[in-house]
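These notes concern the structure reproduced below.
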Amino acid sequence: GNEILRRKDELSLDARELGNLAAAFSYYPHIPCSKDVLELTYEKYQSQARGDDVSLEDVEDVFGSMPVGQRLNVIPSGFVEEMMQLAIKKSNKARMEDVRDILFAVFQMDLSDDRLY
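With this note's numbering applied, the sequence shown closes on residue 389, and no number is skipped along the way.
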């Protein structure tokens, strides 16, 4: 985690790698660098994950980390709305388990938090 943060400006990861990074660090929120790595992951995902190279599985990995991201207060403004739109766009290629995991993550979040939209 600390190495990722040290090299954040030169870090080039695709949507799958960013999703995997978010998923991995959300499992260990007690590690001191997890908060900063999740924040960096969301910022990079928000700025670059837009095109056909993004799969619903990648979106699900990020969504799965978002309840932890919300508790750590690192989800960028508008990110949840963007992720929902991306999930809808990718839903024509949905695997049932990805949809289930996205819904499970959403129901763990406090959706009344205006900072998410």
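For every residue, glycine included, the Cβ atom is placed at its ideal position computed from N, Cα and C. Quantities reported herein were computed from a predicted structural model and do not represent experimental measurements.
Check	Outcome
Around the Cβ of Met338, are there at least 16 other Cβ atoms within 10 angstroms (buried) or fewer (exposed)?	buried
From what residue to what residue does the alpha helix (DSSP H) around Tyr314 run?	Ser306 to Gln320
To the nearest angstrom, report how far apart Leu285 and Tyr314 are at their CA atoms.	12 Å
Out of Tyr317, Asn274 and Ser363, which has the shortest C-alpha to C-alpha gap to Val352?	Tyr317
Measure the alpha-carbon distance for Arg371 versus Glu354 and round it to whole angstroms.	As written in the sequence, residue 371 is Val, which differs from the Arg given in the question. Taking the straight line joining both Cα atoms gives about 16 Å.
What three-state label does DSSP hand Lys361 in the structure shown?	helix
Give the range of the alpha helix (DSSP H) segment to which Glu332 is assigned.	Leu328 to Arg343
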